[in-house]
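Below is one structure; the comments refer to it alone.
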Amino acid sequence: MFSFPAIQKQIPIKIAGAGIAGMSAAIHLKKAGQDVVVYEKQSMVGGSRHGDYEGLENWIFKRSMSEFFAEHGFDYEKLSSIPIHQFTVHTKEKAPFVVQSQQPFFHMIKRGPDKDCLDHQMFEQCKKAGVDFKLGKPAPEIIDIDSTGSKKAAAYIKGVNFETTLNNQVHLLLGKNFAPKGYSYLIILNGKATLATAFKKVKNDITDPLKNSMGYFRKKGFLIPDENIFGYRGSFSILNMKLFQRPFRIGEAGGFQDFLFGFGIRMAMNSGLTAALHLKGEVQTSKRILRDLNRKRNLSLINRILYERFSDQQMAKIAASFANVEEPLHLLTRAYKWNFKNILRWIRLKGRYEVRPA
Numbered sequence: 173m174f175s176f177p178a179i180q181k182q183i184p185i186k187i188a189g190a191g192i193a194g195m196s197a198a199i200h201l202k203k204a205g206q207d208v209v210v211y212e213k214q215s216m217v218g219g220s221r222h223g224d225y226e227g228l229e230n231w232i233f234k235r236s237m238s239e240f241f242a243e244h245g246f247d248y249e250k251l252s253s254i255p256i257h258q259f260t261v262h263t264k265e266k267a268p269f270v271v272q273s274q275q276p277f278f279h280m281i282k283r284g285p286d287k288d289c290l291d292h293q294m295f296e297q298c299k300k301a302g303v304d305f306k307l308g309k310p311a312p313e314i315i316d317i318d319s320t321g322s323k324k325a326a327a328y329i330k331g332v333n334f335e336t337t338l339n340n341q342v343h344l345l346l347g348k349n350f351a352p353k354g355y356s357y358l359i360i361l362n363g364k365a366t367l368a369t370a371f372k373k374v375k376n377d378i379t380d381p382l383k384n385s386m387g388y389f390r391k392k393g394f395l396i397p398d399e400n401i402f403g404y405r406g407s408f409s410i411l412n413m414k415l416f417q418r419p420f421r422i423g424e425a426g427g428f429q430d431f432l433f434g435f436g437i438r439m440a441m442n443s444g445l446t447a448a449l450h451l452k453g454e455v456q457t458s459k460r461i462l463r464d465l466n467r468k469r470n471l472s473l474i475n476r477i478l479y480e481r482f483s484d485q486q487m488a489k490i491a492a493s494f495a496n497v498e499e500p501l502h503l504l505t506r507a508y509k510w511n512f513k514n515i516l517r518w519i520r521l522k523g524r525y526e527v528r529p530a
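Adding 172 to a residue's 1-based position in the sequence shown gives its number in the numbering used here.
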């Protein structure tokens, strides 16, 4: 076991991985006057993604996007995003229906190394702040923060990117044939489209979720090519918070993500901020944020366990309920409140999951 030296201003903080969490920790530390070196084994930031769309959820954290990103050291107004107020839900049980909200459900961004992608734009803001990046270089053995991503595959995302002349629209497709224990989605924004399925592998199931999802939307009249197929993996793991110490494991490396729908960007950023505060010596503030973040994560695990138990019929019924309320965003927000009912659920369910708390 290594003995870590005390943090000194003249000794750079070493971060492994230039992901969302790692960059969030880096820019906060740099703006506080601490030199930072970020090691990224790939030759470019965002190189593991393919320009596919991902959402910044608007129901887990109370603060606005601008306030949230500013707290983490970034200027949100300089990031490319599109607010999504409505989407169409598809199930085998019901005709497609629209769910809409006065407030955005999420803000859509692109992931990858291109100039219009969140990864690249955050990278540019970090560089402007003075963060030192070592691209194409593995991290040294002794580091202060581990932001190297998922260690173990528990969920998979397969999809296709393509161009289209269709108007902006977002679709959600539910059902075990299209996404076992997950969901499929079709996002079309400004002539660029992503069709993807987020799913978990089921033993002895030979279903091809992406092929089935493509077939469904093709029958609906969408022209979807077979080229530009992409894939990546995610993990579901809960790190014991007693082990939150140097080297701090943040982002997916520490299991900081939304287990229900996989909207993990804001949780990843928050975990990076927590590690940065701890290294700065603001331990109590770090612990307070970490405690709140861990509650959100635990609640998302409860929601994930319940979600996976639903049949296609139950899932369709629940999805339809969102279309029948005045503000469906409130239903999602309520699911992430740490109240007595959810605490009891956590106590009862936390040990009954295939990826158990570490």
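Idealized CB from N, CA, C, for every residue including glycine.
Remember, predicted model here, so these are calculated numbers, not experimental data.
If the criterion is Cβ atoms closer than 8 Å, does the pair S533 and F350 meet it?
Here the chain comprises residues numbered 173 to 530, so residue 533 is not present and cannot be evaluated.
Which residues mark the beginning and the end of the alpha helix (DSSP H) in which Q293 is found?
290-301
In whole angstroms, what is the alpha-carbon distance linking S356 and I254?
20 Å
When the Cβ atoms of the segment 360-369 are set against those of the segment 440-447, are three or more pairs found closer than 8 Å?
no
Can you tell me which residues form a DSSP beta bridge with S238?
For S238, which the question treats as bridged, DSSP gives no partner whatsoever.
Give the secondary structure of S220 by DSSP, where H, G and I count as helix, E and B as strand, and everything else as coil.
coil
Could you check what DSSP says for M173 in three-state terms: helix, strand or coil?
Because the pLDDT at M173 is just 42, under 50, the model does not fix this residue reliably, and the value given afterwards should be weighed accordingly. Residue state, collapsed to three classes: coil.
In the DSSP assignment, find the unbroken alpha helix (DSSP H) run with Y479 in it and report its ends.
455-481
Following the continuous alpha helix (DSSP H) through K383, name the residue where it begins and the one where it ends.
381-391
Residue burial classification, K468 (beta-carbon count within 10 angstroms, cutoff 16)
buried
Can you say whether L344 is buried or exposed, counting buried as having 16 or more other CB atoms within 10 angstroms of its CB?
buried
From the DSSP output, in three-state form, read off A485 for me.
The amino acid at residue 485 is misidentified as Ala; the sequence shows Gln. Q485 falls in the helix class under three-state DSSP.
State the beta-bridge partners of S215 as determined by DSSP.
Answer by DSSP bridge pairing: none, since S215 is not bridged.
Whose C-beta lies closer than 6 Å to the C-beta of K509 among residues of the same chain, with five residues either side of it excluded?
none
Looking at the structure shown, is R418 part of a helix, part of a strand, or coil, going by DSSP?
coil
State the beta-bridge partners of K330 as determined by DSSP.
T369, G403
Between V455 and E229, what straight-line distance do the alpha-carbon atoms span, to the nearest angstrom?
28 Å
Looking only at its chain, what residues have a beta carbon closer than 8 Å to the beta carbon of I461, apart from the 5 residues adjacent to it on each side?
N442, L445, T446, L449
Output the boundary residues of the alpha helix (DSSP H) element that contains L445.
437-452
Own chain partners of L451 with C-beta closer than 7 Å, once the 5 adjacent residues on each side are dropped:
I179, I185, L201, D316
Beta strand (DSSP E) segment containing K306, residue limits
304-307
Let's see if you can read the secondary structure: which residues bound the beta strand (DSSP E) around K188?
At residue 188 the sequence reads Ala, which differs from the Lys that was named. Its beta strand (DSSP E) spans residues 185-188.
Out of W231, P310, E249, state which residue places its alpha-carbon closest to the alpha-carbon of L503.
W231
Can the beta-carbon of P312 be found closer than 8 Å to that of P352?
no
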